[in-house]
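A.B. asks: What follows is a single structure, and I will ask about it in a moment.
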Amino acid sequence: MLKQTLTGARSLLTGMKVTFKNAFKKPVTSQYPRERIEMSQAYRNVIVLVEKEDVGSHDCIDCGMCERVCPSFCIKVEGERPEGMKRKRATRFEVDFALCSECGLCLDVCPTDTLGYSREFDQAGYGRNDFLYDLLIPYRDREETVRDTLRAAEAEAAAAKKAAVAKKAAAKKAAEEKDAAGDEAPGGDGDDS
Amino acid sequence: MAETMELVPDATDPKTYYLNMGPQHPSTHGVLRIRLHLEGERILGADPIIGYGHRAHEKMAENRDYLQFLPNSSRVDYLSGMIYNLAYCQAIEHAIELDVPERAEVIRIICGELNRISSHLLWLGTFVLDLGGFTPFLYGFDDREKILDILDSITGSRLTYCYGRFGGVTMDVDDEFLRRTSDFCDYFKRRLGEFDELVTDNVIYQQRTKDVGVISSDLIQDYALSGPVLRAAGVAHDVRKTEPYGGYDRFDFDVPVGQRGGDCFDRHTVRMEEMRQSLRIIDQALACLPDGPIMAAKVPKRIRPPAGDHYFAVESARGHFGMFITSDGTDIPVRHKLRTPSFVNVSTMPVVLPGTMLADTVAILGSIDIVVPEIDR
Ligand code: SF4
Ligand code: SF4
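Protein sequence lines, in the order shown, are assigned to chains A and B.
Numbering-wise (my numbering), the first sequence opens with residue 1 and increments by one.
Numbering-wise (my numbering), the second sequence opens with residue 1001 and increments by one.
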C-alpha cells in the first residue's frame, strides 16, 4: 500500500516536472488576426488563371484538358477562335471551388501552364453557390487589346515564318544552282545547263 | 443483418440492457457505433456497426480513370494520407512496371515516415485523452503541427495530400525542407523522452492499460490483424521488412514487438518505439538523399495496367494496407478493392470486448487506433 502510494507520488511528480518545464516555454500558438504565420510556397487553394508575361493576360487556349482530367468535374471552359487568329481564347472559365479537391491534376496537364493556385485562405460563404468562381474576371476588360496584340503578333510571326520559308527556299535554290555550277566546273562537260 | 440492427433490449432478462456507444460518442473517434450488451458495467456482447462514414471510394474508382482516383487515395485515411497517397502511386507503378527515380523514392520515404509519426502522435494524444489525461494531447498536437507545417511546405496541404504522381512526386524538396526536417528529428528525439516520462511511466496510465484488452496471436491469425496490434502480440511482421517496397530495404531499422502478450500497454510501447524507428529512417534518408530528377522520364500518357489482377501492399500507420486492382487493360479499373487495416482490427471487437468493463472499452477501442473513414471507405 505504502509502496503503491510512493510510486504514484513519484509518477505524479515526474509528470508535474514535465508540465512545469513546458509552462515556461514560449507559447506555440499565434494570435491569429493580429499575428499571421508565413504561408507555405506550395499553398493550394482554388485555381486561378495566371498572367503570362508574353501574352499580357492569361493564356488559356480552351483545350479542355483540365476540364477532362478534373476528378471532381468542377471546371467549365468554353472558348472561341477570334477573327483572324489561329489561337483560341477562353470566353468562360468557371470553377466550383466547393467541389475542388485541390489535387493539382489540372495544373499538371495544362499545356500553356496558365493555371496556378490562389493565395486566398479565408473564403467563406452562406451556401454552395458562393464558391462558383469566374476566373476570367480580372482579364475581361483587357481582352480586346490582348486579342489585338496577339493577332498582330501572330500575323508578324506568320510573316516572319513566310519570310523565313522564302529565304530558306531562296537559299536552297541558290545552293542548288551553286551545286549545279560546281558540278559543271570540275567536270567541264555540262552540256545541258 | 436484421439481427444486428435490432435494438430492442432482451426483455427476458431484466438485469441486462443494451447501450449504443456512438455514433456521436467522443471516444469512438468519428462515427462508429458500438452496440453494447451490458450487465451493470460488465460487457456481455459488443457489435460494431459501421457504415456511417461510407463514401464509396471503391465504387468511385470504377467510374474514373487511374489518375482521377489519386485525390481519393489520401482521403481513405486522413490521418496518414501521405502513406495512402504514395501507396496508390506505388501500386500503379508496380502494375505498369514504371521505375521511380531514386531521389523521388527517398523523398517519398521521408514524407511517409513523417506522416507515420504525425499519425502516431495523434493516436497518442487522443488515446490518453480518452483515458482522462489532457496534457499529452496538447503536446502531441503541438509536435504534430510541426510535421504538418513541414509537409505543407512541399505539398501545399495539411491532411489530405495529393503529393505523389505516377512516376515520382509533384514538388522537389529544398534545403529549407531538409533543414526543418532534421531540426524536427533532433527535437523530437528529446520530446519522446518527455512523452515517456509523462505517459509511459505514469502509474494511472499503466493501470488503465496493462493486461487490458489482450489481443493474442491466436486471435490475430484468425482475423489477419496487422500493424502495431499484431506487433504488440509479439509477432515481428512489418510489410516494410518482410516485403520491402519503395526502397525501404536500403534502410536500417528495427521492428519493435510487445513483451506482455498484446495488451493495450504493449500497443502503446510498440507505437512509441515505431516513432523512434521512423526517426532513424528519416535520419538515414536525409543523409543519403541523392540528386537527380523527381519524376520518371517516361510516364505513359494513358495509364493502362495489363489485364489481370494486381496487388500491392504497404505498411501504413495502422497496418497492412493493400490495394487489389483488377484491370481489363483499359483506362478504368474493373474493381479496386482496398484492404484497410482498421476494418480488420475493429472486427475483433465482438471477441475482445465481452468480459471487460465499460471503461475499458474506451481504452481498448482507443488502443487499436481506428480511423472510421478508413473502416467505411
Ligand atoms: S485541383 Fe483537382 S479538383 Fe481542383 S479543379 Fe483542378 S483538377 Fe479539379
Ligand atoms: S488545360 Fe490550360 S489551356 Fe487547356 S483549357 Fe485548361 S487552362 Fe485552358
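Where is the CB? At the ideal position from N, CA and C, for every residue including glycine.
Do three or more CB pairs link the segment 1130-1150 of chain B to the segment 1094-1109 of chain B at distances below 8 Å?
C.D. replies: Touching, no.
A.B. asks: Grouping DSSP H, G and I as helix and E and B as strand, with all else coil, what is Ala1359(B)?
C.D. replies: For this step, residue 1359(B) is matched to residue 359 along the second sequence. DSSP places Ala1359(B) in helix when its eight states are reduced to three.
A.B. asks: Evaluate contact between the segment 79-96 of chain A and the segment 3-22 of chain A, counting only Cβ atoms and requiring at least three cross-stretch pairs below 8 Å.
C.D. replies: no
A.B. asks: Check distances from the C-beta atoms of the segment 91-118 of chain A to those of chain B and list, in chain order, the residues that come in under 8 Å.
C.D. replies: Under the 8 Å Cβ criterion, the segment 91-118 of chain A contributes Ser101, Glu102, Cys103, Gly104, Leu105, Asp108 and Tyr117.
A.B. asks: Please identify the residue among Val46(A), Met39(A) and Gly127(A) whose C-alpha is closest to the C-alpha of Ile75(A).
C.D. replies: For the purposes of this step, residue 75(A) is taken as residue 75 along the first sequence, with counting starting at 1. For Ile75(A), the nearest C-alpha among the options comes from Val46(A).
A.B. asks: Nearest to Arg1339(B) by CA position, among Gly1022(B), Val1362(B), Asp1186(B) and Ser1073(B), is which residue?
C.D. replies: The residue given as residue 1339(B) occupies position 339 in the second sequence. Selected option, being the one with the closest Cα: Ser1073(B).
A.B. asks: Measuring alpha carbon to alpha carbon, tell me which residue in Val1235(B), Leu1070(B) and Leu1148(B) is nearest Tyr43(A).
C.D. replies: Within the first sequence, residue 43(A) is the residue found at index 43, counting from 1. Looking at the Cα atoms, Leu1148(B) is the closest of the given residues.
A.B. asks: Suppose contacts are defined by Cβ-Cβ distances below 8 Å. Is Arg1318(B) in contact with Pro1350(B) by that definition?
C.D. replies: Within the second sequence, the letter at position 318 stands for residue 1318(B). Within the second sequence, the letter at position 350 stands for residue 1350(B). The answer is no: Cβ separation not under 8 Å.
A.B. asks: Should Ala195(A) be counted as a contact of ligand 2 given a C-beta to heavy atom distance under 7 Å?
C.D. replies: A query on residue 195(A) cannot be resolved here, the shown segment of chain A reaching from 1 to 193 and no further.
A.B. asks: What is the rounded straight-line gap between the Cα of Arg34(A) and the Cα of Glu1145(B)?
C.D. replies: By one-based count along the first sequence, residue 34(A) stands at place 34. By one-based count along the second sequence, residue 1145(B) stands at place 145. Cα to Cα, the separation comes out at about 20 Å.
A.B. asks: Give, in chain order, every residue of the segment 1171-1204 of chain B whose Cβ lies closer than 8 Å to some Cβ of chain A.
C.D. replies: Interface annotation for the segment 1171-1204 of chain B against chain A: Met1171, Glu1194, Glu1197, Leu1198, Asp1201, Asn1202, Val1203 and Ile1204, criterion Cβ-Cβ distance under 8 Å.
A.B. asks: Give the list of continuous beta strand (DSSP E) stretches no shorter than 3 residues that lie fully inside the segment 98-129 of chain A.
C.D. replies: 115-117
A.B. asks: Using the DSSP secondary-structure output, state which residues sit across from Lys1337(B) in a beta bridge.
C.D. replies: One-based indexing of the second sequence puts residue 1337(B) at position 337. Looking at the DSSP assignment, Lys1337(B) forms a beta bridge with Phe1324(B).
A.B. asks: Which partner residues of Lys76(A) appear in the DSSP bridge assignment?
C.D. replies: Counting from one through the first sequence, the residue named residue 76(A) turns up at place 76. Looking at the DSSP assignment, Lys76(A) forms a beta bridge with Glu94(A).
A.B. asks: Can you pull the chain B residues whose beta carbon is under 7 Å from the beta carbon of Tyr43(A), in chain order?
C.D. replies: Along the first sequence, read from residue 1 onward, the residue named residue 43(A) stands at position 43. Simply Gly1156.
A.B. asks: Could you work out which residue in Pro1228(B), Arg1075(B) and Glu1041(B) is closest to His1120(B) when comparing CA atoms only?
C.D. replies: By one-based count along the second sequence, residue 1120(B) stands at place 120. Of the listed residues, the one whose Cα sits closest to His1120(B) is Pro1228(B).
A.B. asks: So with CB distances below 8 Å, who are the chain B contacts of Gly15(A)?
C.D. replies: Taking the first sequence and counting its residues from 1, one reaches residue 15(A) at position 15. Within chain B, the residues near Gly15(A) are Thr1135, Glu1197, Leu1198 and Asn1202.
A.B. asks: Is the beta carbon of Thr114(A) within less than 7 Å of some heavy atom of ligand 2?
C.D. replies: As a working note, residue 114(A) is residue 114 in the first sequence. Yes - ligand 2 has a heavy atom lying nearer than 7 Å to the Cβ of Thr114(A).
A.B. asks: With 16 as the cutoff for other CB atoms within 10 Å, does Met1005(B) come out buried or exposed?
C.D. replies: Translated into positions along the second sequence, residue 1005(B) becomes position 5. Summary for Met1005(B): the model assigns pLDDT 44, below 50, so the residue's position carries little reliability, and this model does not support an answer.
A.B. asks: Relative to the C-alpha of Gly1213(B), which candidate in Gly1022(B), Thr1356(B) and Ile1117(B) has its C-alpha closest?
C.D. replies: By 1-based counting over the second sequence, the position of residue 1213(B) is 213. Each of Gly1022(B), Thr1356(B) and Ile1117(B) was checked against the Cα of Gly1213(B), and the nearest Cα belongs to Thr1356(B).
A.B. asks: Output, in chain order, the set of chain B residues within a Cβ distance shorter than 8 Å of Ser30(A).
C.D. replies: Here residue 30(A) is taken as the residue at index 30 of the first sequence, counted from 1. Per Cβ cutoff of 8 Å: no residues; Ser30(A) is ~11 Å from chain B at best.
A.B. asks: Mind checking Glu164(A): buried by the 16 CB within 10 Å criterion, or exposed?
C.D. replies: Start at 1 with the first residue of the first sequence, and residue 164(A) comes out as number 164. According to the sequence displayed, residue 164(A) carries Ala and not Glu. The residue is exposed, with fewer than 16 neighbouring Cβ atoms inside 10 Å.
A.B. asks: Leaving aside the five residues before and after Pro186(A) along the sequence, list all residues of the same chain whose C-beta is less than 8 Å from its C-beta, in chain order.
C.D. replies: If you number the first sequence from 1, residue 186(A) lands on position 186. At Pro186(A) the pLDDT is 49, less than 50, meaning the model places this residue with poor confidence; the figure from the coordinates comes in the next sentence. The beta carbon of Pro186(A) lies closer than 8 Å to none in the same chain, with the five residues before and after it left out.
A.B. asks: For Pro1373(B) and Glu1062(B), what's the separation of their Cα atoms in angstroms?
C.D. replies: Your numbering for residue 1373(B) matches position 373 in the second sequence. Your numbering for residue 1062(B) matches position 62 in the second sequence. Approximately 19 Å, taken between the alpha carbons.
A.B. asks: Can you tell me the Cα-Cα spacing of Cys70(A) and Leu105(A), whole angstroms?
C.D. replies: As a position in the first sequence, residue 70(A) is number 70, starting the count at 1. As a position in the first sequence, residue 105(A) is number 105, starting the count at 1. About 7 Å.
A.B. asks: In the structure shown, what three-state DSSP assignment does Leu1019(B) receive?
C.D. replies: On the second sequence, residue 1019(B) is found 19 positions in, with the first residue counted as 1. Strand at Leu1019(B).
A.B. asks: On the three-state DSSP scale, how would you describe Leu1007(B)?
C.D. replies: Taking the first residue of the second sequence as position 1, residue 1007(B) is located at position 7. Its pLDDT being 46, under 50, Leu1007(B) is placed unreliably in this model, and the value from its coordinates should be taken loosely. Residue state for Leu1007(B) is assigned as coil, using DSSP reduced to three classes.
A.B. asks: Does the Cβ of Val95(A) lie closer than 7 Å to at least one heavy atom of ligand 1?
C.D. replies: In the first sequence, counting from the first residue as 1, residue 95(A) sits at position 95. At least one heavy atom of ligand 1 is nearer than 7 Å to the Cβ of Val95(A), so yes.
A.B. asks: Give the straight-line distance between the Cα atoms of Ile1117(B) and Ser1278(B), rounded to the nearest whole angstrom.
C.D. replies: Position 117 of the second sequence holds residue 1117(B). Position 278 of the second sequence holds residue 1278(B). When rounded, the distance between both Cα atoms is 7 Å.
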